[in-house]
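Anchor point for the sequence shown: position 130 equals 473 in our numbering, and the numbering is continuous, going up by one each time.
No residue lacks a Cβ here, since even glycine has one placed at the ideal position from N, Cα and C.
Below is one structure; the comments refer to it alone.
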Amino acid sequence: MDTVTILLSSFILSITGLFVFIWSLRKRLFDSNVDAAKIIFSEGEIGRVEEPSASPAQLAGLQKSAGTEGQVPLDTTQKAHLQKELQERLVADRSTAFVAFVFLSCAIVWLVVASLAGLTSSIKLHEPDWLTSQSWLTFGRLRTIHLNAVAYGWAPMAALGTAIWMLPRLLKTELLGGRFAVLGAMIWNAGLIAGLGCIAVGLNDGMEWLEIPWQVDILIVIGGSLVGLPLVFTLQNRRVDHLYVSIWYMGAALFWFPILFLIGNIPGLHIGVEQATMNWWFGHNVLGLFYTPMALASVYYFLPKIIGRPVQSYNLSLLGFWTLAFFYGQVGGHHLIGGPVPGWLVTLSIVQSVMMLVPVISFSVNQHLTMRTKFATLIYSPTLRFIVLGGMMYTLSSVQGSLEALRAVNTVTHFTHFTVAHAHLGLYGFFTMVMFGAIYFVMPRVMSWEWPYPKLIAAHFWLVVLGFSIYFIGLTIGGWLQGMAMLDASKPFMDSVNVTIPYLKSRSVGGAIMTLGHLVFAFHFVAMALRYGPRRVGAALLHTKPTAGVLAGA
């Protein structure tokens, strides 16, 4: 198949999709009153905010800024029905409490480990003689430890812990088989510890994102399989007729990731150029088909719940899901531009990278319309700040990724720190920010205890925002200058190295501030788990007012 055929087919597909979109508008499929968007609310909850991480004063301000749009007075029968549903929700929360706590605790540990390893390896880029007495502290090994601690420690533990907590709420039932998930988490983490140990002593498979030896990967596969069982059991026991869009995203992610991981780790199957092709197929898809849908599932649940308003267009959320599934599969090939791979494969990857604008715009428009007239709620909601900012970073990282896939841009940015900045924009600016917000929402329900030091939440937010801004801007500028210097044949290669030094130092400064934010977050998490700090007891403000408290906090 030649390049012209691929481009023509993609153009025809795009035009067809455009006509389908126009038809859906004429059929009023994007109206905001779709009942499916309201399924996450119990009767009488729309118009009432829910924010477990807020103090009483913040909660009052949040409700005032969110308004009372959609609130309807309830009669005695409706109030009784609402109370019954809220009690069932509390039962569902209790069924997930221990399991979610195990996963989120592991996530916090790996976040700290990954942060320290990442900061150390960042400093080594401009201070290469620092900490060189031990081989496991060399840049090549420590940076790889950082990557794997994030990719298989912090990120999946946070995502799976959040998913395990959300699923019974979305399905209006209890979690079944939680012990399998706990056992799976133990085996997974044992495998990750063994894998990082192998990397530290110099044993790895030599492919980015797939460094852990395949013999150790077997433990992660077994652990992941056990984690998936409770999700299947609970789904089969659901008490809802319609599956909310968050379940679509979570279900697809938990189906895609095992396939990616198994294919990527089959020993001896991928050799030479094919191995490079598979490597970037895996590396990009684990971002777009596992972390991205898990984060989007969280946004589509927590954002409407916090402001008490259903997502503006439910069908637009489904359009985003299906176009993500359809267009993302071959995006990773644009990392092979200029490599010894078929031209049609690279072209297909570029086309699909650009087509990713469709699901991104679908989500971005939906988030903006849902938050329309409600942006003042960001002042009062600690969770919402992380969630909304993470959603905005999804838009920015995806648009940047589509542009970066173009040959004219890729020629400058490939093999530079620009690509590193882009990767962090997606995995940190988007995914990690959303997970921070999700954990702030979930933990008060898990522990039946409020966050003891609310000011630490604000400190965490501003530290990571400031640190990441310095990190991202510095690497983006430095990476572009590095690429331009490498393309200039009249300049020696060392010029492209020297030009990056100030920006690499800014990377370390930003990384240090981010790490400080992570340590604040970890301290607050531990303080909450151990019941330290002011006695802020109750299932997240349930104790403030008998009726309004239940509506706002259950």
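When the options are compared against residue i, the one with the closest alpha-carbon
i: Val807; options: Ser791, Met776, Gly571; result: Met776
i: Thr899; options: Phe774, Val493, Thr420, Ala460; result: One cannot answer for residue 899 here, as it falls past the ends of the chain, which runs 344 to 897.
i: Ile856; options: Leu830, Met827, Phe815; result: Phe815
i: Ile782; options: Glu517, Ser839, Arg728; result: Arg728
i: Met529; options: Val731, Val544, Cys449; result: Cys449
i: Val616; options: Leu768, Val694, Asp418, Leu688; result: Leu688
i: Glu428; options: Ser385, Thr411, Ala409, Ala443; result: Ser385
i: Arg437; options: Pro787, Val392, Met736, Phe600; result: Pro787
i: Arg874; options: Met790, Arg391, Thr716; result: Met790
i: Ser568; options: Ser839, Met593, Phe598, Ser589; result: Phe598
i: Ile614; options: Val525, Leu519, Met550, Ala494; result: Met550
i: His767; options: Gly733, Phe441, Leu405, Gly538; result: Gly733
i: Leu526; options: Gly571, Leu546, Leu514, Thr516; result: Gly571
i: Tyr643; options: Tyr587, Leu578, Gly496; result: Tyr587
i: Arg512; options: Phe645, Tyr634, Gly676, Trp794; result: Phe645
i: Lys798; options: Ile693, His867, Ser478; result: His867
i: Trp805; options: Thr726, Ile536, Trp792, Met827; result: Thr726
i: Ile536; options: Thr505, Gly520, Trp497, Gln401; result: Trp497
C-alpha distance - residue i paired with residue j, whole-angstrom precision
i: His803; j: Phe718; result: 21 Å
i: Leu691; j: Gly672; result: 10 Å
i: Leu884; j: Ala403; result: Note on Leu884: pLDDT 45, under 50, position unreliable in the model; the coordinate value appears next. Computed Cα separation, rounded: 11 Å.
i: Ile507; j: Phe664; result: 20 Å
i: His424; j: Gly822; result: 58 Å
i: His489; j: Val456; result: 8 Å
i: Val869; j: Leu862; result: 10 Å
i: Glu431; j: Ala865; result: 31 Å
i: Glu412; j: Arg391; result: 9 Å
i: Met714; j: Pro835; result: 51 Å
i: Met509; j: Met871; result: 20 Å
i: Trp624; j: Gly780; result: 29 Å
Buried versus exposed call for residue i [16 or more other C-beta atoms within 10 Å across all chains shown]
i: Trp453; result: buried
i: Tyr901; result: In the structure displayed, the chain extends from 344 to 897; residue 901 sits before or after that span and is not available.
i: Asn841; result: exposed
i: Trp473; result: exposed
i: Ala801; result: exposed
i: Val434; result: exposed
i: Ala409; result: buried
i: Thr716; result: exposed
i: Ser464; result: buried
i: Ser849; result: buried
i: Met837; result: exposed
Residues near residue i in its chain [Cβ-Cβ closer than 7 Å; skip 5 each side]
i: Ile820; result: Tyr846
i: Val708; result: Leu659
i: Ala773; result: The amino acid occupying residue 773 in the given sequence is Phe; Ala does not appear at that position. Hits under 7 Å: Ala638, Gly733, Met736, Tyr737, Ser740.
i: Leu405; result: Val392, Glu394, Ala397, Thr720, Tyr723, Ser724
Closer than 8 Å to chain D by CB, residue i
i: Leu818; result: Judged by its chain identifiers, the structure shown contains no chain D, having just a single protein chain.
Proximal residues to residue i (C-beta, below 8 Å), its chain only, five neighbours per side dropped
i: Lys381; result: Ile389, Pro653
i: Ser812; result: Gly853
Cut-off 6 Å between Cβ atoms - residues of its own chain near residue i, not counting five sequence neighbours on either side
i: Lys888; result: Bear in mind that the predicted position of Lys888 carries a pLDDT of just 40, short of 50, making it unreliable; the figure below should be weighed with that in mind. Cβ neighbours of Lys888 beyond the five flanking positions: none.
i: Asp560; result: Asn608
i: Ser458; result: Thr858, His861
Flag this pair as touching only if the region 391 to 405 and the region 656 to 674 have three or more C-beta atom pairs under 8 Å; answer yes or no.
no
Check whether the region 716 to 730 touches the region 754 to 774, taking contact to mean three or more Cβ pairs, one atom from each stretch, closer than 8 Å.
no
Using 8 Å as the cut-off, can you tell me whether the region 739 to 748 makes contact with the region 458 to 478, which would need three or more C-beta pairs spanning the two stretches below that distance?
no
Taking contact to mean at least 3 C-beta pairs separated by less than 8 Å, is the region 675 to 683 in contact with the region 605 to 613?
no
Check whether the region 552 to 562 and the region 530 to 542 touch, using three or more Cβ-Cβ pairs below 8 Å as the test.
yes
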